[in-house]
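**Student:** Below are the structure tokens for one structure; questions will follow.
Number of protein chains: 2
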Amino acid sequence: MPKHYEQYCPVAHALERVGERWSLLIVRELLKGPKRYTDLSAALPGIGTNVLAARLKDLEAAGVLAKRRLPPPAPAQVYELTAYGLALKNVVRELARWGLQSMPAPGNDDQLAPGWLPDALDTLFAPVAPEGSFEFRIGDEVAALVDGEVAPGPAEHPDVVLEATPAAFYFLFTERRWDGVEVEGDRELLERVLDAAAPVDATVAA
Amino acid sequence: MPKHYEQYCPVAHALERVGERWSLLIVRELLKGPKRYTDLSAALPGIGTNVLAARLKDLEAAGVLAKRRLPPPAPAQVYELTAYGLALKNVVRELARWGLQSMPAPGNDDQLAPGWLPDALDTLFAPVAPEGSFEFRIGDEVAALVDGEVAPGPAEHPDVVLEATPAAFYFLFTERRWDGVEVEGDRELLERVLDAAAPVDATVAA
DNA sequence: CCGCATCCCCAAAGATACTG
DNA sequence: CAGTATCTTTGGGGATGCGG
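Here the protein sequences come in this chain order: S and A. The numbering used here puts the first residue of the first sequence at 237, with every later residue one more than the last. The numbering used here puts the first residue of the second sequence at 237, with every later residue one more than the last.
Set out below in structure tokens:
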């Protein structure tokens, strides 16, 4: 939206920079780390090469991301967020939290993208930053939540280990259904953390 | 963007509902309370009546807002957010916080919309919810911040009263410049709160 | 191959006029 | 007041081309 909103308002100002179609999804991808043009294109199904190029140019001009050449051995260039762009993390997280409320349950097929679990844990737990050490094994992903910090892979000495399918994980958060959820360790700690994280209501009309 | 992003991702899901041009600005307006069609049109300079009508229809279909008829004496209908739509408050606030970082200083002319001060205080202080009672008199607006709650109008027995022009208020937050800022009461309390609220850096390229 | 630029087409936004 | 109808303009989707 190169078109200006003609308002002295920070929301309008922000949307003029990252409000166009695809922009925040590009930011979402780059929040996971620098990526090449082709990887972005693959991670954003249906974006169209011209639109991706245009968005990258716009976002670079806005100071949200920067193009960087990798050192000679690997002749590739990557896009990465600037500090200014990194500050969009809270925006993306809140969008995700809101979006979660009306997400359908995951199918048992393969619609989950690799590396989705750390993102999901960040979305769910970052605002509460629970004490304790947790390990989540969901589908074929494993991630840890240690004192509010999310990391891929197993935890060192977890207080609780939770294992479930993506669908069971979904229903645990939306309806507190424990069917198909296996817990090892301090189950009460887990329950307290779930209550604190509580915001996923799935109370929607459409 | 009725066009779907074909991704099982809460961010994409959210943007499919409120990611179109103007949508989040309409939500921003309705966060201040129910509004009539004409008031929305006036608050959104340049929106065009057809686009506004289309967005309202889309947002209503998505369950974000609802159309309500006021009781007979006043033959008017208003649009108001549903609980689902109200949950967008955090999204709008984070967008505002990010947008603030690259906002230019307010001109001394009249670009501020009436009622802007409570919104600004919410954006700046809601995440830290400072203890204490503050009264802000900026330009011709007055608002109170009492134990983290923002309200229009003066405070009852404020610990601090801050008076400034919009521009001085801006530079106080961006560069900690106290020129043109008048403080009555517990100035140290105010300084501590400012340090806590700290996020407005104005460190931008473009 | 990767990293785009070009071209064409259609859907959506802008602007304005008009109506129940 | 609260929209609809119509027209123009802009921007996105899709395919293809092309230099390094």
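In this text, a Cβ means the ideal position worked out from N, Cα and C, and glycines have one as well.
Assign H393 of chain S to buried or exposed, taking buried as 16 or more other Cβ atoms, counted over all protein chains shown, within 10 Å of its Cβ.
**Tutor:** When all chains shown are included, H393 of chain S counts as exposed.
**Student:** Of all the options S:G416, S:A380, S:E367, S:P363, which has the alpha carbon lying nearest to the alpha carbon of A434 of chain S?
**Tutor:** Selected option, being the one with the closest Cα: S:P363.
**Student:** Taking the alpha-carbon positions, what's the R272 of chain A to R329 of chain A distance?
**Tutor:** So the alpha carbons of these two residues sit roughly 23 angstroms apart.
**Student:** For K303 of chain A, which residues does DSSP report across the bridge?
**Tutor:** According to DSSP, which records beta bridges pairwise, K303 of chain A is partnered with A:Y315.
**Student:** By the 10 Å Cβ neighbour count, where 16 or more other Cβ atoms means buried, how is P350 of chain S classified, buried or exposed?
**Tutor:** When all chains shown are included, P350 of chain S counts as exposed.
**Student:** Taking Cβ to Cβ, would you say P390 of chain A is nearer than 8 angstroms to M339 of chain S?
**Tutor:** Taking 8 angstroms as the Cβ cut-off, P390 of chain A and M339 of chain S do not qualify as a contacting pair.
**Student:** Quick one: Cα of G421 of chain A to Cα of E377 of chain A, how far?
**Tutor:** Each residue's Cα considered, the two are about 19 angstroms apart.
**Student:** What does E377 of chain A pair with, by DSSP beta-bridge criteria?
**Tutor:** Answer by DSSP bridge pairing, in chain order: A:I374.
**Student:** Run through chain S and tell me which residues come within less than 7 angstroms of L336 of chain A, C-beta to C-beta.
**Tutor:** What L336 of chain A touches in chain S: P246.
**Student:** For P388 of chain A, which of A:T410, A:P354, A:V419 has the nearest alpha-carbon?
**Tutor:** Comparing Cα-Cα distances from P388 of chain A to each of A:T410, A:P354, A:V419, the minimum goes to A:P354.
**Student:** Residues of chain S with a CB under 7 angstroms from the CB of V328 of chain A: which are they?
**Tutor:** Ordered by position in chain S, the residues that pass the 7 angstroms Cβ test against V328 of chain A are V247.
**Student:** Any idea what DSSP makes of E367 of chain S, helix, strand or coil?
**Tutor:** E367 of chain S: coil per DSSP, three-state reduction.
**Student:** Going along chain S in order, which residues have a C-beta closer than 7 angstroms to the C-beta of P342 of chain A?
**Tutor:** Ordered by position in chain S, the residues that pass the 7 angstroms Cβ test against P342 of chain A are Y244.
**Student:** Take the Cβ of D431 of chain S as the centre, count every other Cβ of all protein chains shown within 10 Å, and call the residue buried at 16 or more, exposed below.
**Tutor:** Classification for D431 of chain S: exposed.
**Student:** Using a Cβ-Cβ distance under 8 angstroms, would Y241 of chain S count as near chain A?
**Tutor:** So, interface residue.
**Student:** Taking P281 of chain A as the query, report the chain S residues whose CB atoms sit under 8 angstroms from its CB, ordered along the chain.
**Tutor:** Simply Y241, E242, Q243.
**Student:** What residues are listed by DSSP as bridge partners for V396 of chain S?
**Tutor:** V396 of chain S is bridged to S:F370, S:G421.
**Student:** Are there 16 or more other CB atoms within 10 angstroms of the CB of G282 of chain S, so buried, or fewer, so exposed?
**Tutor:** Under this definition G282 of chain S is an exposed residue.
**Student:** Can you list, in chain order, the residues of the region 368 to 395 of chain A whose Cβ is nearer than 8 angstroms to any Cβ on chain S?
**Tutor:** Here the close residues number zero.
**Student:** Could you tell me whether any Cβ in chain S is nearer than 8 angstroms to the Cβ of T359 of chain A?
**Tutor:** So yes, T359 of chain A belongs to the interface.
**Student:** Apart from the five residues on each side of it in sequence, which residues of its chain come closer than 6 angstroms, Cβ to Cβ, to A279 of chain S?
**Tutor:** Excluding residues within five positions, the ones whose Cβ falls inside 6 angstroms are E265.
**Student:** Quick check on this structure: which residue in S:G375, S:F361, S:L381 has the alpha carbon closest to the alpha carbon of A369 of chain S?
**Tutor:** One point to set straight first is that residue 369 of chain S is Ser, not Ala, in the sequence displayed. If we check each option's Cα against that of S369 of chain S, S:L381 comes out closest.
**Student:** From the DSSP output, in three-state form, read off K325 of chain A for me.
**Tutor:** Note: K325 of chain A maps to helix in three-state DSSP.
**Student:** Measuring CB to CB, does V300 of chain A end up less than 8 angstroms from V327 of chain A?
**Tutor:** In this structure, V327 of chain A does not lie closer than 8 angstroms to V300 of chain A by Cβ.
**Student:** What does the Cβ neighbour count give for E256 of chain A, buried or exposed, with the cut at 16 atoms within 10 Å?
**Tutor:** Buried is the call here.
**Student:** Does E242 of chain S come out as helix, strand or coil in the three-state DSSP assignment?
**Tutor:** Reduced to three states, the DSSP call for E242 of chain S is coil.
**Student:** Pop quiz: T359 of chain S and A379 of chain S are said to be a contact at Cβ under 8 angstroms. What is the actual Cβ separation, rounded to whole angstroms?
**Tutor:** That belief does not hold up - the Cβ atoms of T359 of chain S and A379 of chain S are roughly 12 angstroms apart, past 8 angstroms.
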